[in-house]
Structures are given as C-alpha cells and as structure tokens.
Amino acid sequence: MSLIGTVTMVISSLMLMIGVSKDKHSFFVPWLICSWLNVIYDILATYFMAYFEERSELYVLTTVFVIALWYPVYYQYKSLRMFKHRPVVIASSLEKVGNSMHSKNRSVIEPV
C-alpha cells in the first residue's frame, strides 16, 4: 500500500477509536470504507500482480484479519445508529390508589 493509503488507514483507525469512545456512529464510516478498499487492494495485489508473490501469505493473513474485524465493527455501527435514532417517550409514572390511577409527580424517560 502506498503512503497515502497508509496515512488514510491510520486516520480512519483513529476516527474509529474516537467513535467507539464517544459513541459516535458516523466516525465508524471511514474505517468501514477504507478497510474494504484495503481488502480489495490486497486481493488484487495477491492474485493479479507478480510483484507480491513472495509476500502473498502476509497479504492473505491480513486480508482475513481485516474481514474478521469488519463485521463486529459494522454491527457496533448499526447498534449505535439505531440507538441514536430511537425515539424517546416521556411518560409520567402512575400508581394505583384504590380503583384509580394517580401521578407520582415525577417523569420517567423510557426508550421505546
């Protein structure tokens, strides 16, 4: 991979770490895209370029590693995205007194 590709992967990996620590799903997208571009590059480099024949095992291992890491990151991205877009309902808490329901004079935030 070239210097530009390496710098791009480092920046997208830093964004992924920030996104994980701050629960920002939009910071996952650059890593998800760059990792698949890296996988495509590794496959092309391994199977179609004679230059990389001596390093083909390394490229196969890193490609398998990136593919294995991609789905858990994507799953976390989807989970955070769904959590951020989930509506929140503010409902008053009720208690039963006799045959009627009365408010406890406090609000409870409950996710839908």
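Numbering follows my numbering, with no gaps: position 74 of the sequence shown is 69.
Quick reminder that beta carbons are idealized off the backbone N, C-alpha and C, glycines included.
Contact set for residue i: own chain, Cβ-Cβ below 8 Å, skip 5 residues either direction
{"i": "Met62", "result": "Per the sequence presented here, residue 62 reads as Ile, with Met not at that position. So the qualifying residues of the chain are Val34."}
{"i": "Ile28", "result": "Ser7"}
Distance CB(residue i)-CB(residue j) smaller than 8 Å
{"i": "Met10", "j": "Trp26", "result": "yes"}
{"i": "Asp37", "j": "Thr3", "result": "no"}
6 Å CB neighbourhood of residue i in its chain, flanking five on each side removed
{"i": "Ser14", "result": "The question names Ser, but residue 14 in the sequence shown is Gly. Around Gly14: Phe22 and Phe23."}
{"i": "Trp65", "result": "Ser30"}
Collapsed DSSP secondary structure at residue i in the structure displayed
{"i": "Ser8", "result": "helix"}
{"i": "Ile13", "result": "helix"}
{"i": "Ser21", "result": "helix"}
{"i": "Ser74", "result": "helix"}
{"i": "Ser160", "result": "For the chain, the structure presents residues -4 to 107; residue 160 sits outside this window and is missing."}
Assigned exposure category for residue i - 16 Cβ within 10 Å defines buried
{"i": "Tyr70", "result": "exposed"}
Close beta carbons around residue i, own chain, < 7 Å, minus the five adjacent residues each side
{"i": "Ser8", "result": "Trp26"}
{"i": "Asp18", "result": "Leu75"}
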